[in-house]
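In the working numbering, the protein residues as written are 61 to 606.
Backbone N, C-alpha and C define an ideal beta-carbon position, used for all residues, glycine too.
Scroll down for the structure; my scribbles are underneath it.
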Ligand code: NAD
């Protein structure tokens, strides 16, 4: 037995060498992987724990780079038939998967809850999102990927019919974090599958079990084609995925995103990166303080603050600060936290990653040392499980980590600002730009939202831009490159092929072809000048020029 990281990274999970005794190390057998024959040949496994009580619930194979290469080769072999099924044919399969998900939602929520420590309500939110994504892209793939017929802008190209067709990348790699184990894996795989790609998913080492179960169901219960596989492991497994696939969709932290992009540069593999955030929430003078407070409480504390678009900092203008803070304190103080058994008895669950819990503690400690005041919460909870109390901090400023670095935990720092100009300036004073929220009179709040530097802004709500599949979601600045959702959410999984088709090919040659001659060159030059010049006078002058 050995404990530590396969990559020389900071220890994240416990790794075990092949047990000499059958039966694995946990209460379940080592999870079999739908990655196919030969998965987990090294015999190394990592433990998956329940963060709400610390118990080991499973051990999962660590796939070697050679196994990842084999997985991708098998997907590559299956992909052409999947593409040939056409959009309707693929939607039929995805629709059967959707029906399975709807029928088995409670079982999947059980697995999700156990591996992530989420409360039941948060675990139950993921499945409807997947079903919606299947319907969204299933019903719109034909429109979003429709062949485009383009009219040539230049008269000299009118002899050609121009078309743009979308052709899927054969194999897409989806590498994901632990905070939404299904939405950020299967959810981002769905548009790729709808486009005709095959997909290898590399889930987080903290939360691979629900993904494994859904992909098992695709193969065994739905009987779907072998176009989705899971590669399980740590960072080295993720790197191997980057090396093998044709397109990488990565969701995770900024430091890992940089590594992924650098690695992908080696093979010139395109990437989209959905990275961290430090989302601001602005409360304007004319906001309803109670709605803003309830929104901030949910935006900052849903899923224990482990949402990329969590409310990570609040700026309340002078006029509204006191009533807003009073309502927020009242709301947060009443929240219940713990292992949510029986379900729906708690509002906040555990922190899924112990390393993240340490970051939250460090940010709160740093803020307090620099003069912040804890209004409620402020510390790790005693007893079993990895819980951090729902926390409100005031008297904060931008010298503190809590206002400048991603905390990714259940902490809401609230800063009093003079007016909206100061709020906008501070909101934009960040290396991140994922999303934001503004509370106030509708048009006023919208005008403020338009001044913010980020990929999305919710007006009088929080977090919901993630669920608006119709519009892109992506980060500015260090929050990422590219977007998910909207038409580009499926187009990005395709390469464009431009077809330039000669309308009349009855002649033996074309003016641009050999042989060259002085006369031909002069005629072509004159035509080029005439076409590109503007205005009658300009055209005549261009024609006469030599
Ligand atoms: P992480 O970057 O540590 O890990 C993400 C994934 O990358 C994991 O599966 C991990 O095993 C894998 N990985 C690690 N090293 C790798 C390497 N060298 N090459 C390839 N893959 C590698 O992130 P995390 O701690 O799991 O997740 C939290 C982060 O995710 C937060 O920063 C959060 O903001 C971000 N996030 C962003 C979004 C978004 O849509 N923008 C959504 C959710 C979470």
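- Taking non-hydrogen atoms of the ligand NAD into account, the C-beta of residue 538 is found less than 7 angstroms away from none of them.
- At a Cβ-Cβ threshold of 8 angstroms, residue 293 and residue 334 do not count as neighbours.
- Burial check for residue 101: the Cβ neighbour count within 10 Å stays below 16, so the residue is exposed.
- The shortest C-alpha to C-alpha distance from residue 170 to any of 198, 267, 149 and 262 is the one to 267.
- A direct Cα-Cα distance of roughly 53 angstroms separates residue 488 from residue 563.
- The C-alpha of residue 424 is placed about 9 angstroms away from the C-alpha of residue 432.
- Going by C-alpha positions, residue 470 is about 10 angstroms away from residue 439.
- In terms of side-chain proximity, the C-beta atom of residue 550 is found no nearer than 7 angstroms to any non-hydrogen atom of the ligand NAD.
- Set against 7 angstroms, the gap from the CB of residue 261 to the closest heavy atom of the ligand NAD is not smaller.
- By alpha-carbon distance to residue 413, the top candidate from 109, 76 and 260 is 109.
- Residues 285 of the same chain have their beta carbon placed closer than 8 angstroms to that of residue 141, with the five preceding and five following residues left out of the count.
- Following the DSSP letters along the chain, one finds residue 451 inside the beta strand (DSSP E) bounded by residues 451 to 454.
- Distance from the C-beta of residue 235 to the nearest heavy atom of the ligand NAD is below 7 angstroms.
- Counting only runs of at least 3 residues, the stretch 257 to 319 fully encloses the following beta strand (DSSP E) elements, listed from N- to C-terminal order: 258 to 262, 288 to 290 and 307 to 311.
- Membership of residue 414 in the alpha helix (DSSP H) is indicated by the continuous run 414 to 429.
- Rounded to the nearest whole angstrom, the CA to CA distance from residue 464 to residue 224 is 44 angstroms.
- In this structure residue 467 is not in contact with residue 312, their Cβ atoms being roughly 16 angstroms apart against a cut-off of 8 angstroms.
- The three-state reading of DSSP puts residue 170 in helix, counting H, G and I together.
- For residue 527, there is no enclosing alpha helix (DSSP H), since its DSSP letter is neither H nor E.
- Relative to the non-hydrogen atoms of the ligand NAD, the Cβ of residue 554 never comes closer than 7 angstroms to any of them.
- Within 10 angstroms of the beta-carbon of residue 218 lie fewer than 16 other beta-carbons, which makes it exposed.
- Relative to the ligand NAD, the beta carbon of residue 582 is positioned no closer than 7 angstroms to any heavy atom.
- Taking every protein chain shown into account, the CB of residue 490 has 16 or more other CB atoms within 10 angstroms, so this residue is buried.
- In this structure, residue 306 places its C-beta atom within 8 angstroms of the C-beta atom of residue 230.
- Distances between the C-beta of residue 545 and the heavy atoms of the ligand NAD are all 7 angstroms or more.
- Within 10 angstroms of the beta-carbon of residue 443 lie fewer than 16 other beta-carbons, which makes it exposed.
- Proximity of the beta carbon of residue 238 to the ligand NAD is indicated: a heavy atom of the ligand is located closer than 7 angstroms.
- Note on geometry: alpha-carbon atoms of residue 567 and residue 214 lie some 21 angstroms from one another.
- For residue 223, the three-state secondary structure derived from DSSP is strand.
- Contact check for residue 181 against residue 526 fails: the beta carbons are separated by 8 angstroms or more.
- With contacts defined as CB atoms closer than 8 angstroms, residue 361 and residue 241 fail to qualify as a contacting pair.
- Under the three-state reduction of DSSP, residue 185 is assigned to coil, being neither helix nor strand.
- Going by DSSP, residue 341 is part of the beta strand (DSSP E) stretching over 339 to 343.
- Distance from the Cα of residue 118 is smallest, within the candidate group 150, 153, 172 and 162, for 172.
- Between residue 555 and the set 257, 576 and 177, the nearest pair of CA atoms involves 257.
- In the same chain as residue 226, and ignoring 5 residues on each side of it, the C-beta atoms closer than 7 angstroms to its own belong to 205, 551, 554 and 556, in chain order.
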